[in-house]
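Chemist: Quick one: the structure is below, questions incoming.
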Amino acid sequence: MSTSLLYHAFNIKGVEYRSTCFLGKSIIFCTEMTNKFITCPCCKNRRAIFKGQKTRSFKMGPLGRKQAILHVLLHRLQCVACHNLWWPQLPFTDGKHRYTRSFALTVFDLLRFGTIKDVANFLHVGWDVVKEIHKSKLQRLYKRMPIHKIKYLGIDEFSLRKGHTYMTIFIDLQTGRIVHAVEGRSEDDIQPFLKQVAKKARHIQAVAMDMSRSYSSAVAKNLPGVDIVFDRYHIMALMNKAIEKLRREQQKNLDADDKKALKGCRFLLLGNYDSLPEKRQVKLNSLLEINKPLFAIHSMKEQLRLLWSKPNREQASKFLEQWCFDALAAGPKPLIAVGMTLLRHLNGILNYFPHRITSAAVEGTVNKIKTLKRQAYGFRDMDYFKLRLYHLHHQGYSLTG
Ligand SMILES: [Zn+2]
């Protein structure tokens with residue numbers, strides 16, 4: 475080991491190499507502070523003498539299969555001009571941290587491949603050290619969110635804990651980045667961020683969301699003139715919920731044999747008919763033949779799917795109105811309920827056509843969030859959790875098309 479190797483491998487500067495010792499699973503490099511990089515904090519004079527000393531050790535990260543540790547003999551300095559005394563800040567570490575910057579970068583790199591716990595075990599440090607390193611790096615990265623470029627915004631929610639705690643996320647639909655996250659899903663919860671968007675995102679054209687009233691009314695209030703698009707994904711999800719409801723109702727009233735026939739069919743009914751393998755299509759067909767209400771609702775779902783392939787708003791509008799009337803006329807109750815809901819939201823659904831945005835991939839993000847929640851051991855630190863959400867984007871993709 476040498477001073478220059480310390481510099482090139484670990485970006486350690488301001489010290490001179492003295493010796494190496496080996497202690498269990500650690501390799502310790504003993505060094506001494508040099509009088510380079512010295513400036514008096516009082517008078518900016520660059521000459522000082524040593525006055526007192528202490529030793530400090532810093533974690534440097536792995537070297538082969540051992541942990542490298544840096545021992546530094548630190549000198550207190552006295553300015554030759556103004557006699558000011560001070561302990562200098564070493565140029566390879568921040569604040570009072572007992573690890574080097576290169577160690578922090580190693581932690582950050584490793585977190586791309588493993589959980590906090592994995593990395594902490596690998597580097598022989600505490601969970602909290604890894605977390606704090608990650609948090610402060612992410613804080614620097616996401617201090618400023620590029621919301622001024624947003625053209626299309628997606629709003630969606632997910633549950634934080636089992637039960638009733640929700641979090642709302644805002645996604646730039648062109649980059650797939652989560653640009654903001656807030657606890658709660660009420661109008662009051664999301665207004666502060668929408669106000670920021672109104673101020674900064676001058677080119678915003680549309681916001682995609684589900685049909686919940688709190689989102690749409692908050693957007694209408696804070697972003698007047700911006701189109702609200704009720705999202706295709708959420709509409710199909712609503713339709714699938716209705717099918718599931720009907721299937722359950724039907725199941726209750728059937729005799730044992732028919733019950734059995736219906737039991738394994740949940741995913742048959744919810745899937746996209748065209749993408750089912752032929753064998754499953756046959757099974758579904760025979761089920762629908764014997765069950766009229768399910769047949770009605772299923773064929774209406776397949777119809778509805780065609781809405782988004784219409785070439786323009788005008789044709790889509792005709793198609794959707796007809797669909798809603800058919801739904802109301804055809805009955806079963808859950809289908810009527812969907813028809814009524816869509817009728818109430820016609821304008822927002824049809825707003826898809828000038829913009830052609832969908833937050834379907836927001837759902838992909840929600841899946842990543844689920845993985846994140848599992849990794850995160852509860853996440854009592856909400857600020858850190860949000861930062862990790864913002865950081866999900868480096869697996870980002872475009873959500874417009
Ligand atoms: Zn001085």
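The numbering of the sequence shown is the numbering used here, which starts it at 475 and goes up by one.
Built from N, CA and C at the ideal position, the CB exists for glycine as well.
Give the DSSP-derived three-state secondary structure of residue 561 in the structure shown.
Modeler: Taking the first residue of the sequence shown as position 1, residue 561 is located at position 87. In this structure, residue 561 counts as coil in the three-state DSSP scheme.
Chemist: Using the DSSP secondary-structure output, state which residues sit across from residue 783 in a beta bridge.
Modeler: Residue 783 sits at position 309 when you count from the first residue of the sequence shown. DSSP, once it has assigned bridges, lists no residue as partnering residue 783.
Chemist: Under 8 Å, do residue 626 and residue 578 count as touching if we go by C-beta distance?
Modeler: Taking the first residue of the sequence shown as 1, we reach residue 626 at position 152. Taking the first residue of the sequence shown as 1, we reach residue 578 at position 104. It is not a contact, given that the beta carbons lie outside the stated cut-off.
Chemist: Report the partner residues of residue 877 according to the DSSP bridge assignment.
Modeler: Outside the displayed range of the chain (475 to 875) lies residue 877, so it cannot be described from this structure.
Chemist: Flag this pair as yes or no: are the beta carbons of residue 812 and residue 668 separated by less than 8 Å?
Modeler: For the purposes of this step, residue 812 is taken as residue 338 along the sequence shown, with counting starting at 1. For the purposes of this step, residue 668 is taken as residue 194 along the sequence shown, with counting starting at 1. Contact flag unset, no.
Chemist: Using the three-state DSSP reduction, which class does residue 871 fall into: helix, strand or coil?
Modeler: Your numbering for residue 871 matches position 397 in the sequence shown. Low confidence applies to residue 871: its pLDDT is 35, below 50, so where it sits in the model is not reliable enough to give any reading.
Chemist: For residue 781, which option in 508, 665, 554, 796 has the closest C-alpha, if you only look at C-alpha atoms?
Modeler: On the sequence shown, residue 781 is found 307 positions in, with the first residue counted as 1. Of the listed residues, the one whose Cα sits closest to residue 781 is 796.
Chemist: With DSSP as the reference, label residue 477 as helix, strand or coil.
Modeler: As a position in the sequence shown, residue 477 is number 3, starting the count at 1. In the structure shown, residue 477 sits in a helix (DSSP, three-state: H, G or I).
Chemist: If you follow the beta strand (DSSP E) that residue 529 is part of, which residue opens it and which one closes it?
Modeler: Start at 1 with the first residue of the sequence shown, and residue 529 comes out as number 55. That run of the beta strand (DSSP E) goes 522 to 537.
Chemist: How would you write the range of the beta strand (DSSP E) that residue 619 sits in, first residue to last?
Modeler: As a first step, residue 619 must be located in the sequence shown, where it is residue number 145. No beta strand (DSSP E) holds residue 619; DSSP gives it neither H nor E.
Chemist: Among 832, 823, 776, which has the Cα closest to the Cα of residue 801?
Modeler: For the purposes of this step, residue 801 is taken as residue 327 along the sequence shown, with counting starting at 1. Of the listed residues, the one whose Cα sits closest to residue 801 is 776.
Chemist: Which of helix, strand or coil does DSSP assign to residue 663?
Modeler: As a working mapping, residue 663 is identified with position 189 in the sequence shown. Residue state, collapsed to three classes: helix.
Chemist: Quick one: residues with CB closer than 6 Å to any heavy atom of ligand 1, in chain order, please.
Modeler: 514, 516, 517, 519, 553, 555, 556, 558
Chemist: Quick check on the DSSP output: the alpha helix (DSSP H) that includes residue 593 runs from which residue to which?
Modeler: Reading the sequence shown from its first residue, position 119 is the one you call residue 593. Looking at the DSSP string, the run of the alpha helix (DSSP H) that includes residue 593 is 590 to 597.
Chemist: Check residue 675 in the structure and name its three-state DSSP category.
Modeler: Within the sequence shown, numbered from 1, the residue matching residue 675 stands at position 201. Coil at residue 675, not helix or strand.
Chemist: Exposed or buried, what is residue 507 when buried is set at 16 or more other beta-carbons lying within 10 Å of its beta-carbon?
Modeler: Counting from 1 along the sequence shown, the entry for residue 507 is found at position 33. Counting the other Cβ atoms within 10 Å of the Cβ of residue 507 gives 16 or more, which makes it buried.
Chemist: Determine the burial state of residue 479: buried for a count of at least 16 other Cβ atoms within 10 Å of its Cβ, exposed for fewer.
Modeler: On the sequence shown, residue 479 is found 5 positions in, with the first residue counted as 1. So residue 479 ends up on the exposed side.
Chemist: Quick check: what's the CA-CA separation for residue 592 versus residue 602?
Modeler: Numbered from 1 along the sequence shown, position 118 holds the residue referred to as residue 592. Numbered from 1 along the sequence shown, position 128 holds the residue referred to as residue 602. Distance between the alpha carbons of residue 592 and residue 602 is about 12 Å.
Chemist: Would you tell me roughly how many angstroms separate the C-alpha atoms of residue 489 and residue 511, rounded to the nearest one?
Modeler: Residue numbering aside, residue 489 sits at position 15 when the sequence shown is read from its first letter. Residue numbering aside, residue 511 sits at position 37 when the sequence shown is read from its first letter. Going from the Cα of residue 489 to the Cα of residue 511 covers about 10 Å.
Chemist: What are the boundary residues of the alpha helix (DSSP H) that includes residue 826?
Modeler: In the sequence shown, residue 826 corresponds to position 352, counting from 1. Segment 826 to 829, the alpha helix (DSSP H) holding residue 826.
Chemist: The beta strand (DSSP E) with residue 652 in it runs from where to where?
Modeler: The count along the sequence shown starts at 1 and reaches residue 652 at position 178. Element bounds for residue 652: 651 to 657.
Chemist: Between which two residues does the beta strand (DSSP E) containing residue 580 stretch?
Modeler: Locating residue 580 in the sequence shown gives position 106, counting from the first residue. First-last for residue 580: 575 to 584, but that is the alpha helix (DSSP H), not the beta strand (DSSP E).
Chemist: Is the CB-CB distance between residue 559 and residue 572 below 8 Å?
Modeler: For the purposes of this step, residue 559 is identified with residue 85 of the sequence shown, where counting begins at 1. For the purposes of this step, residue 572 is identified with residue 98 of the sequence shown, where counting begins at 1. Not closer than 8 Å, so no.
Chemist: Where does the unbroken alpha helix (DSSP H) through residue 860 begin, and where does it stop?
Modeler: Within the sequence shown, residue 860 is the residue found at index 386, counting from 1. 856 to 865 is the extent of the alpha helix (DSSP H) around residue 860.
Chemist: Evaluate residue 748 with the Cβ neighbour count: other Cβ atoms within 10 Å of its Cβ, from every protein chain shown; 16 or more gives buried, anything less gives exposed.
Modeler: Position 274 of the sequence shown, counting from 1, holds the residue named residue 748. Classification of residue 748: exposed, given that the 10 Å Cβ count is below 16.
Chemist: Quick check on residue 721: does DSSP put it in helix, strand or coil?
Modeler: Walking along the sequence shown from the start, residue 721 turns up at place 247. It is helical.
Chemist: Check for me: the beta strand (DSSP E) holding residue 492 runs from which residue to which?
Modeler: Counting from 1 along the sequence shown, the entry for residue 492 is found at position 18. That run of the beta strand (DSSP E) goes 489 to 497.
Chemist: Take residue 824 and list the residues in its own chain whose beta-carbon comes closer than 8 Å to its own, dropping the five residues that flank it on each side.
Modeler: Position 350 of the sequence shown holds residue 824. Result list for residue 824: 787, 790, 791, 794, in chain order.
Chemist: Within 10 Å of its beta-carbon, does residue 497 have 16 or more other beta-carbons around it, so buried, or fewer, so exposed?
Modeler: What you label residue 497 is simply residue 23 of the sequence shown in a count that begins at 1. Residue 497 sits exposed, since fewer than 16 C-beta atoms from the chains shown fall within 10 Å of its C-beta.
Chemist: Secondary structure at residue 511, three-state DSSP: helix, strand or coil?
Modeler: Counted from its first residue, the sequence shown places residue 511 at position 37. In this structure, residue 511 counts as coil in the three-state DSSP scheme.
Chemist: Report all residues from its chain with a CB closer than 6 Å to the CB of residue 672; omit the five preceding and five following residues, and keep chain order.
Modeler: On the sequence shown, residue 672 is found 198 positions in, with the first residue counted as 1. The answer, listed in chain order, is 696, 697.
Chemist: Roughly how many angstroms separate the alpha carbons of residue 583 and residue 861, rounded to a whole number?
Modeler: The residue given as residue 583 occupies position 109 in the sequence shown. The residue given as residue 861 occupies position 387 in the sequence shown. Between residue 583 and residue 861, the C-alpha separation is close to 16 Å.
Chemist: Is the beta carbon of residue 647 sitting closer than 8 Å to the one on residue 720?
Modeler: For the purposes of this step, residue 647 is identified with residue 173 of the sequence shown, where counting begins at 1. For the purposes of this step, residue 720 is identified with residue 246 of the sequence shown, where counting begins at 1. For residue 647 and residue 720, no; Cβs fall outside 8 Å.
Chemist: With distances taken Cα to Cα, identify the nearest neighbour of residue 820 among 704, 599, 514.
Modeler: Translated into positions along the sequence shown, residue 820 becomes position 346. Here the closest residue by C-alpha is 704.
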